[in-house]
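Have a look at the structure below before the remarks.
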Amino acid sequence: MHKYGFFRTACAVPKLKLADCQYNLSEIIALADKAWDQGVEVLLFPELGITGYTCGDLFFQRELQQNAVKALDSLCQWSEGKKMLMAVGLPLAINGSLYNCSALLNDGKILGIVPKTYIPNHQEFYEKRWFASSKSLNLTDVVICSQRVPIGTDLLFQHVHREEFVVAVEICEDLWVPISPGSFHALAGATVILNPSASNEVVGKSDYRRELIRSQSGRCNAAYLYASAGFGESTSDLVFGGNAIICERGILLKELPKFNLGNELLITDIDVESLNHDRQMQHGFGDSVHLLNDHSYRTITFETPGTNDFDREVNPQPFVPADPNRRSERCEEIFNIQTIGLATRLAHIGNAPMVVGISGGLDSTMALLVCVSVCDRFNIPREKIHAVTMPGFGTTDRTYDNAVALIKGLGASFHEISIVAACTAHFNDIGHPIELHNVTYENSQARERTQILMDLSNKLGGIVIGTGDLSELALGWATYNGDHMSMYSVNASVPKTLIRYLVEWVADHSPEADIRKILYDVLDTPVSPELLPPDADGKIAQKTEETVGPYELHDFFMYQMVRHGFAPEKVYFLACKAFDGNYEKTIIFKWLKSFYHRFFSQQFKRNCLPDGPKVGSVSFSPRGDWRMPSDAHATQWLKSLDKMEPIVQDS
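Numbering (my numbering), first residue to last: -15 to 635.
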C-alpha cells in the first residue's frame, strides 16, 4: 500500500521469563513470524524485551549480558531475507557502562542501536542503579554480533523507496520529560516514532499514559507506536499490564487492552501521506525546526516489500464519531458553538430579531433549533424569532405541516407567505412558461424566498439566519443569491451527514414530546429543495440525492480531499473500503467524478459566503480555511479519474 502512503506497523507484547534470553528469543521470533506473515513492515517489541525489564542486579551479571547479545545475534540471523524493520530491547555494556538499548534489525543486519536518554530514579523506579544515560556515550558506532553498528540518539531510519517514511526511537521515560527526544526526531523528519516501554500499572496511570502518547503524536504530526512489558515481569512490587497503543496525528488508532497474557500483536496501517499533509499546512511545525540547531542526525536506509491488502478502519462518515458517547459529546459541542456564534452576533447588533425560513427539512429545522437555543440561554423571548414558511409549487403536506407545527410548537412568531403568486407574476414578466420546469423555474423560487426573508428582516430591523450546510457548499447545491445568501449562516460548516445527528441529538434531549415527534419525522423526510411539483400521490418528487448523489458519499469525498489533500485515486480507494457492501465501485466512481466537477465549478458561490461559525476541521469560509480561485480548473483531477475508469469498469 506504499502507493497510497500506507505502511503496516505493529506492536508486539510477548510472554517472557525473566533473565531467560533463549526463551524470550523464541517468543519474540514466534510473534515476529506472525507479523511477517501478516505483512508487517515495522515491528516494535517492549523495553529490554530480550532479558525482561525487572531483572534488577542481574543486569550486572556477565552471563545475562552475553546471552542477551547472543539472542540478538540469533534474531538477526532469523531476520535474514525478511525485510521487516524490528526494534528489540536489550542491555548493552559499552566502554565500562551499561545502557538500556533498542536495536533495530532489518534483513539480517543490525541497522542501528538507540540507547535510552532519561533514566528514571524516583518512586518505584531506580533504573540509574544499573543503566547510564545516552548522554554519557562518547561513541558513534560499536561492534556487535560481528557487525559495526551506528549507535546514538541521532539515528533516523528512512525507507529506501518512500523517503517520507522515517522511523525514530525514544525509550519509555524519554516520553515523560518536558521536551522528549521524539520531539526532536519529528522535527528532523521522523514521521513514525517507536517507544519500547516498561510502564507499570497503578490506578489512573493508563489514562494519563494514553493521553500522553496521543498528544505527542498530535504535537509531532507523527505516528506513534508504544509497546510495554507485560506478562512474565516480576510482580514483587509492581504489575506490568502489557499495554500497546498506536496513535496518528493525535488520534488513537488501536489499543491492546491491559492485563493481557502476552503473545499479542497490535497491527494497523498508518497513513504517512496524511502526516506530511498536516506538516505542510501547520507552519508551527516548520517554524520549530530551529530547535535542532544543536542537534545533528544520521540517516540509515531500510527496505520493506509492502503489502497488497489493507488493515485499517475507514469510517464511512468521517465527520461523525462512530462511538455513541463521543458522537453525543460532539453534537453538544457543535450545538453550543452555533448557539454562541449567533448569540455573539446578535449582541453586537443589539439583539435584533431573527428571521429564518422554515421548509420542514433538516437544514432549516437545525437553524431554527439554534435560534431557540440562543433565546433560551440568553433570556430572549422566543417571539423574537420570526419563522417563515413559504409554500410554493413543490411544497408537500408533510413538510408544510411539520414546518407549521414546529414553528408554533417552539413558540416562535409564525409567518406564512406563499411564493406562488409572486413567482407566477415573475415568470410572466420575464416571459418564462410556467410549465417549463428548468433551472429558471427552480432558482426563481429560491430567490423569491430569499427576497421575502431579506425584506422582512429589513421591516423588522432583524437579520436573516442562513440554513445551508457544508455539503451543499461543497457541491454548489444552492441558488446563487438565493438560499445561498443570508446575514449569518449557522450551518455553514456542518455537513449533511452530521446535521442529521444534531437534529436527532436535540430531539433526544427535548423535554417536549410533541417537538420530539416532529423532529423525528423531519429526520425521516427525504432531502429535497421542493422546487418541482409533488408526484401524483402528493409526495416529494424532487429528491436531492437522486440528482447530485448520496450525501454520505460526497461528505466522505469532501473530507478526504479537503482535510487531507488526497489525490482522486486514493479518495476512491478509501471510499471503496469504507462503503464496501453498500455501494458498487462503479457507483462510487460515478459520484466521485461528479463531485470533482461540481466542487471546482461552484467555487464562486463559496467565495462570497456570509459569516458563520466554524465547527470542525473542514470549512469553506473565504476569510478563513479555504482560499481557492473561482476559475481554477479541475483538469488534472479529472484526468486522473479518466485513467482509472477502465480499471474501475473491469473491477
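Each residue gets a CB set at the ideal place from its N, CA and C atoms; glycine is no exception. Given the structure is predicted, the values throughout are model-derived calculations rather than measurements.
By how many angstroms is the C-alpha of Tyr83 removed from the C-alpha of Leu2?
18 Å
CA-to-CA distance, Val555 to Ala336, given in whole angstroms
44 Å
Entirely within the region 541 to 598 and at least 4 residues each: give me those alpha helix (DSSP H) ranges in chain order.
552 to 562, 569 to 585 and 587 to 590
How would you label Ser473, buried or exposed, when you count the other beta carbons within 10 angstroms and need 16 or more for buried?
buried
Should the region 132 to 140 be called in touch with the region 91 to 102, which here means at least 3 C-beta pairs below 8 Å?
yes
Kindly identify the DSSP beta-bridge partner or partners of Gln131.
Ile128
Distance, Pro375 Cα to Tyr(-12) Cα
49 Å
Grab me the residues of Ile524's own chain with a C-beta within less than 6 Å of its C-beta, minus the 5 sequence neighbours each way, in chain order.
Thr380, Pro510 and Ser512
With DSSP run on the structure shown, which of helix, strand or coil describes Lys238?
strand
Any beta-carbon of chain B closer than 8 Å to the one on Asn591?
The structure shown contains no chain B, having only a single protein chain.
Among Ala207, His267, Gln49 and Phe294, which residue has its Cα nearest to the Cα of Ala170?
Ala207
Leaving out five residues before and five after Leu507 in sequence, what residues of the same chain have Cβ atoms less than 8 Å from its Cβ?
Leu346, Arg484, Val487, Glu488 and Ala491
State the DSSP-derived secondary structure class of Glu217, mapped to helix, strand or coil.
coil
From which residue to which residue does the alpha helix (DSSP H) around Ser212 run?
Segment Ala207 to Ser212 is the beta strand (DSSP E) holding Ser212; no alpha helix (DSSP H) there.
Sort Val358, Val448, Glu536 and Ile78 by Cα distance to Pro302 and report the nearest one.
Glu536
DSSP has Tyr472 in a bridge; who is on the other side?
Ile449
Between which two residues does the beta strand (DSSP E) holding Glu248 run?
Glu248 to Asp255
Using CA atoms only, rank isn't needed, just tell me which of Leu420, Val26, Asp385 and Ile364 is closest to Ala396.
Ile364
Alpha carbon to alpha carbon, how far is Gly202 from Thr383?
45 Å
Answer yes if the region 23 to 37 comes into contact with the region 261 to 276, meaning at least three C-beta pairs across the two stretches below 8 Å, and no otherwise.
no
Buried versus exposed call for Arg(-8) [16 or more other C-beta atoms within 10 Å across all chains shown]:
buried
Have a look at Gln587, Cys560, Lys589 and Gly565 and flag the residue whose alpha-carbon is nearest the alpha-carbon of Trp575.
Cys560
Euclidean distance between Cα positions of Lys67 and Phe286
8 Å
Rounding to the nearest angstrom, what Cα-Cα distance links Pro289 and Phe319 in this structure?
47 Å
Residue burial classification, Pro75 (beta-carbon count within 10 angstroms, cutoff 16):
buried
Let's test the definition: count the other Cβ atoms within 10 Å of the Cβ of Asp255 and tell me whether it reaches 16, buried, or not, exposed.
buried
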